[in-house]
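Below you'll find the structure, written out as structure tokens, and then a few comments.
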Amino acid sequence: MAAPELIDLLHMGQERTIACYLLDTPDGPALFDCGPTTCLDALEAGLARRGVALADVRHLLLSHIHLDHAGAAGVLVRRHPRLRVHVSEIGAPHLVDPSRLEASARRLYGDAFDTLWGELAPVPEANVEIVGDRVLGLDCFPTPGHAGHHVSYLDADGTLYAGDAAGVRVQPGRAVIPPTPPPEVDVELWERTIDEIERRDPDRLALIHFGVADDPGRHLAELELTLLDWAEAVEGGATQEEFVAYVQQELEVSGEDVNAFTQALSLVQSYAGLKRWADKRAAAAG
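Quick note on the numbering used here: the sequence shown kicks off at 8 and runs consecutively.
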């Protein structure tokens, strides 16, 4: 059985930060996620090493619309007008008109936006396909928690193209942590997503951050434990500084490459997302 075709997008010149995957579908080559526009040269080079030109790619399957996963979609369609872009119904309007998404991201990243992500171009509505239960021979299902509009794709060979739903694990490391940036993190929904992934019993998890995990049972169990641990810490009153120091220490104790993890996700943003979730829960509880 062929391994999932990972392409390292070398974000900001760093290895093992953002990946995408090349899939062979009944309707020709497809990409799962595409990364930001700043990674297009690395994407095209990665395709070329596999004997594939950008014009050969027929479909782009998106997990969600965050810039590290889908930021290049509009520029890709501009270069390759026949490309079909598959996305959830909730995410689709923000591909067609990314102005609100860009404004929100620019507030978050400030002057670093252009360096990190590059151009965020609209995807013509005619190129957008709303996903259903099946997409190009893959099962497609909602996987909210990281983001409300997140979906994942399960291939017949047992590979789950997971996006961020299965967390961040920088291969060959073993630690699994949840990316929890604002504004849509929902811990309870993410627990249900983990249950649904486990019910579908994939053989491997194709992670965008970063690599293919061949031990999905242990991986998902650790993701859920860490998610609940982080949520408890933030609900218990941990400050941003305490949270970041705690996570970094846990990674160091585990022998992980802390720099690789912090390149793949921002612990400050992860705290902010959980703090927003905790505050909303507290307000709802009265």
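Quick reminder that beta carbons are idealized off the backbone N, C-alpha and C, glycines included.
As assigned by DSSP and simplified to three states, the class of residue i
i, result
"Thr-32", "strand"
"Met-8", "Low per-residue confidence applies at Met-8: pLDDT is 42, beneath 50, and the placement is therefore not dependable enough to give any value."
"Val-130", "coil"
"Glu-51", "helix"
"Ala-292", "coil"
"Ala-37", "strand"
"Ala-220", "strand"
"Ile-215", "coil"
"Thr-57", "For the record, residue 57 in the displayed sequence is Arg; it is not Thr. Reduced to three states, the DSSP call for Arg-57 is coil."
"Val-175", "strand"
"Arg-181", "coil"
"Val-192", "coil"
"Gly-280", "helix"
"Glu-242", "helix"
"His-101", "helix"
"Leu-272", "coil"
"Asp-264", "coil"
"Gln-21", "coil"
"Ala-79", "coil"
"Gly-117", "helix"
"Thr-122", "helix"
"His-226", "helix"
Cβ neighbours of residue i in the same chain (closer than 6 Å, five flanking residues each side left out)
i, result
"Met-8", "At Met-8, the pLDDT of 42 sits below 50, so the modelled position is not reliable and the matter cannot be decided from this model."
"Leu-108", "His-101"
"Gly-280", "Thr-187, Pro-188, Pro-189 and Val-192"
"Gly-53", "Ile-14"
"Gln-255", "Val-265"
"Gly-35", "Arg-65"
Counterpart residues of residue i in DSSP-defined beta bridges
i, result
"Pro-149", "Val-158"
"Phe-250", "DSSP, once it has assigned bridges, lists no residue as partnering Phe-250."
"Leu-68", "Phe-39 and His-93"
"Ala-26", "Asp-15"
"Glu-136", "His-93"
"Leu-167", "Leu-161 and Leu-212"
"Ile-204", "Paired residue(s): none; Ile-204 is not in a bridge."
"Arg-141", "Asp-146"
Own chain partners of residue i with C-beta closer than 7 Å, once the 5 adjacent residues on each side are dropped
i, result
"Val-251", "Leu-274, Val-275 and Tyr-278"
"Leu-16", "Ile-25, Ala-26, Cys-27, Gly-42, Cys-46, Ala-49 and Leu-50"
"Thr-233", "Val-183, Ile-184 and Pro-185"
"Cys-147", "Val-138, Gly-139, Asp-140, Arg-141, Val-158 and Tyr-160"
"Val-82", "Thr-44, Leu-47, Glu-126 and Ala-128"
"Arg-225", "none"
"Arg-85", "Ala-128"
"Ile-97", "Gly-155 and His-156"
Contact belief for residue i with residue j at Cβ below 8 Å, rounded distance in angstroms
i, j, result
"Leu-1", "His-87", "The chain is shown only over 8 to 293; residue 1 falls outside these bounds and no answer can be derived."
"Gly-218", "Ser-70", "Gly-218 to Ser-70, Cβ: 16 Å. No contact."
"Glu-231", "Glu-198", "6 Å"
"Phe-268", "Val-175", "7 Å"
"Leu-235", "Ala-173", "With 8 Å as the limit, Leu-235 and Ala-173 do not qualify as a contact, their Cβ atoms being about 16 Å apart."
"Glu-242", "Ala-285", "5 Å"
"Glu-12", "Arg-57", "7 Å"
"Tyr-253", "Ala-240", "7 Å"
8 Å Cβ shell around residue i - same chain, five flanking residues per side excluded
i, result
"Ala-112", "Leu-74, Phe-120, Trp-124 and Leu-127"
"Pro-33", "Leu-143 and Gly-144"
"Val-177", "Arg-23, His-216, Phe-217, Gly-218, Glu-263, Asp-264, Ala-267, Phe-268 and Ala-271"
"Leu-196", "Pro-151, Gly-152 and Gly-155"
Test: residue i CB closer than 8 Å to a CB of chain B
i, result
"Leu-214", "Note that chain B does not occur in the displayed structure, where there is just one protein chain."
Residue i Cβ short of 7 Å to the ligand MG heavy atom set
i, result
"Asp-286", "Annotation note on the ligand MG: not contained in the displayed structure, which lists no ligands."
Counting pairs of beta carbons, one from the region 163-183 and one from the region 57-65, are three or more of them closer than 8 Å? no
Cβ contact check for the region 88-103 and the region 186-199: 3 or more pairs under 8 Å: Contact between the region 88-103 and the region 186-199 is absent, with fewer than three C-beta pairs closer than 8 Å.
Cβ contact (3+ pairs, closer than 8 Å) linking the region 193-212 and the region 257-266: no
Below 8 Å, can you find three or more Cβ-Cβ pairs linking the region 129-141 to the region 179-188? Short answer: they don't touch.
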